[in-house]
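By the UniProt record's numbering, the letter at position 57 of the sequence shown is numbered 57, and the numbering carries on one by one without gaps.
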Amino acid sequence: MAADPKADRPAPPPEIDSVKIFSYPKVIFLWPTMVFALICGLGMLVVGSGEPVRGPMEADPVIQVEGEEVAGADAVAGAPIDDDLPPEKVRRFSSWQNIIGVVFLIVFAVNMIVMSLDFPRFTLIAVILFVLMMAFLLLYLASQGVDFLSPLTTLSRFLYFTANAGFYFAIASVLGVIFLIIWATRRLDYWEVRANEVLHHHGPLSDLERYPTIQLKFSKEIPDILEFLLGLGAGRLVLNFSTADRQIVLDHVLFINAKEEQLKQIMSRLRVDA
Numbered sequence: 001m002a003a004d005p006k007a008d009r010p011a012p013p014p015e016i017d018s019v020k021i022f023s024y025p026k027v028i029f030l031w032p033t034m035v036f037a038l039i040c041g042l043g044m045l046v047v048g049s050g051e052p053v054r055g056p057m058e059a060d061p062v063i064q065v066e067g068e069e070v071a072g073a074d075a076v077a078g079a080p081i082d083d084d085l086p087p088e089k090v091r092r093f094s095s096w097q098n099i100i101g102v103v104f105l106i107v108f109a110v111n112m113i114v115m116s117l118d119f120p121r122f123t124l125i126a127v128i129l130f131v132l133m134m135a136f137l138l139l140y141l142a143s144q145g146v147d148f149l150s151p152l153t154t155l156s157r158f159l160y161f162t163a164n165a166g167f168y169f170a171i172a173s174v175l176g177v178i179f180l181i182i183w184a185t186r187r188l189d190y191w192e193v194r195a196n197e198v199l200h201h202h203g204p205l206s207d208l209e210r211y212p213t214i215q216l217k218f219s220k221e222i223p224d225i226l227e228f229l230l231g232l233g234a235g236r237l238v239l240n241f242s243t244a245d246r247q248i249v250l251d252h253v254l255f256i257n258a259k260e261e262q263l264k265q266i267m268s269r270l271r272v273d274a
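In structure tokens form, the structure reads like this:
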């Protein structure tokens, strides 16, 4: 018995009745800071929050000077000094407490730069090329014997950033509460596109504004490529209502590409029904 060719065909995708569109504030892009705050808090619980110690307490070496015993701290100026022991500030800089603090500050700084500036595609490419050019320039200067790392090494000995686990957990908790509030309030103000109308839900009592779907035009924009990568495909969606002579701009819509495809399905079905 011949196999039914229809059985091998993939099932068509289910029809979409409506598309809900939520616009989020820019603070949602602070989620990497919240994640790293949790990681750093757990790290501080493991390594502890105390100051890095020098090591086991040992008595200072005793130096024999003309029949008298003098402690290492009171030794004569000509006594030999062990240069292999790194300075205390170097040990503080290389401690786990400081490394965790530096990592958190770097993530937080990069996060704030992403939120403060817009990086279109061409601007991002220009920034990457500039960073690569500076890296090659520094490598070339280093190959010519120019020592530019010594000042940075000296400066690093004075840097020490540390916080206890409670600080990191407090940052993560505050951001988590903010995200929960944003998630709850978005259900009070969102747009819903259906095959025959567009609804604007807003207010605690679910007030509605209705617009016809006929002659609805929409466009997708990605003004910041870093926010697109950082915010789960976030972008801008613009709705144009020709009949109402109104334009709606929705910023920071998550999964903007998926929303665009869903809107295309609804609009194509509308044209077929018409």
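For glycine and all other residues, C-beta sits at the position ideal for the given N, C-alpha and C. Since the model is a prediction, treat every value here as computed from it, not as a measurement.
Boundaries cannot be given for residue 196, as no beta strand (DSSP E) includes it and DSSP labels it neither H nor E.
Nearest to residue 237 by C-alpha distance, out of 136, 262, 126, is 262.
In summary, residue 249 is exposed, with fewer than 16 beta-carbon neighbours lying within 10 Å of its beta-carbon over all protein chains present. The beta carbons of residue 161 and residue 102 sit closer together than 7 Å. Rounded to whole angstroms, the Cβ separation of residue 104 and residue 37 is 7 Å, and the two are in contact under 8 Å.
Look at residue 19 here: in three-state DSSP terms it is strand. Annotation for residue 239: 218, 248 place their beta carbon closer than 6 Å to its own, counting only its chain and skipping 5 residues before and after.
Setting aside the 5 residues that flank it on each side, residue 197 is surrounded in the same chain by 210, 211, 212, 213, each with a C-beta closer than 7 Å to its C-beta; the list follows chain order. Counting only runs that start and end inside the region 226-265, the beta strand (DSSP E) elements of at least 3 residues fall at 235-241, 246-253. DSSP places residue 95 outside any beta strand (DSSP E), giving it a letter other than H or E.
The C-beta of residue 154 has fewer than 16 other C-beta atoms within 10 Å across all chains shown, which makes the residue exposed. Going by DSSP, residue 223 is part of no alpha helix (DSSP H) at all; its letter is neither H nor E. In the assembly as shown, residue 175 is a buried residue. Its beta-carbon has 16 or more other beta-carbons within 10 Å.
The three-state secondary structure of residue 204, taken from DSSP, is coil. Assignment of residue 187 by DSSP, reduced to helix, strand and coil, places it in the coil class. In this structure, residue 29 sits away from residue 166, with a CB-CB distance that is not shorter than 7 Å.
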